[in-house]
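Asker: Take a look at this one; I'll ask things after.
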Amino acid sequence: MLMPKKVKYRKQMRGRRTGKAWRGSDLSFGDCGLKAMEAAWITNRQIEAARVALSRFLKRGGKMWIRIFPDKPFTKKPAETRMGKGKGLPEYWVAVVLPGRILFELEGLDAATSREACDVAAHKLPIRTKYVTRLGAA
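Counting from 41, one number per residue, gives the positions in the sequence shown under the working numbering.
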């Protein structure tokens with residue numbers, strides 16, 4: 041399961057999800073990839089589900105890179121707890137994703153296979169995504 045090994049602070053503020061991704065918006069490693077089209081918090085379980093689906097689809101062919109990491113703690117108070125008494129404990133971890141962010145990258149596959157693999161992964165994610173290729177690639 042993806043999560044940080046150690047963090048400086050256990051709890052974080054929620055922050056804002058406005059604007060576009062200005063980092064991580066270009067293909068850096070592979071020939072094609074999956075790009076986010078809307079802002080969201082993607083949980084560690086959703087990233088893992090997409091990773092498993094991709095790696096099962098690829099079998100042993102091709103190479104995959106995961107370009108997002110869940111480093112933001114999501115806190116939650118227990119059910120039927122009265123208001124007050126501080127912030128809840130970290131429940132799970134999320135990756136803050138803005139529109140334009142590359143989520144996964146693939147290499148070493150033909151165009152049809154890589155597009156189908158990205159579709160399989162996209163079904164596991166809670167946001168609209170887009171299949172992107174490097175200029176000059178398949």
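Virtual Cβ for every residue (Gly too), placed ideally from N, Cα, C.
What does the Cβ neighbour count give for Leu149, buried or exposed, with the cut at 16 atoms within 10 Å?
Answerer: Label assigned to Leu149: buried.
Asker: Report the residue from Val160, Lys112, Leu175, Lys103 whose alpha carbon sits nearest the alpha carbon of Ala89.
Answerer: Checking every option, the nearest Cα to that of Ala89 belongs to Val160.
Asker: Please list the terminal residues of the continuous alpha helix (DSSP H) segment that includes Phe97.
Answerer: Taken as a continuous stretch (DSSP letters only), the alpha helix (DSSP H) holding Phe97 covers 84 to 98.
Asker: Mind reading off the beta-carbon distance from Glu147 to Lys103? Whole number of angstroms is fine, and I expect it under 8 Å.
Answerer: About 5 Å; that satisfies the 8 Å criterion.
Asker: Would you mind sorting Ser154 into buried or exposed? The rule is 16 or more other CB atoms within 10 Å of its CB.
Answerer: Buried: at least 16 other Cβ atoms inside 10 Å.
Asker: In its own chain, which residues sit with a C-beta less than 6 Å from the C-beta of Gln52, not counting the 5 before and 5 after it?
Answerer: Closer than 6 Å at the Cβ level, and outside the excluded window around Gln52, lie Lys112, Pro113.
Asker: Pick helix, strand or coil for Val160, following the three-state DSSP scheme.
Answerer: Reduced to three states, the DSSP call for Val160 is helix.
Asker: Would you grab the beta carbon distance between Pro166 and Ala76 for me? Rounded to a whole angstrom, and I think it's under 8 Å.
Answerer: That belief does not hold up - the Cβ atoms of Pro166 and Ala76 are roughly 10 Å apart, past 8 Å.
Asker: Alpha carbon to alpha carbon, what distance is there between Gly64 and Leu94?
Answerer: C-alpha separation (whole angstroms): 20 Å.
Asker: Which residues does DSSP list as the beta-bridge partners of Gly73?
Answerer: For Gly73, which the question treats as bridged, DSSP gives the partners Glu145, Val172.
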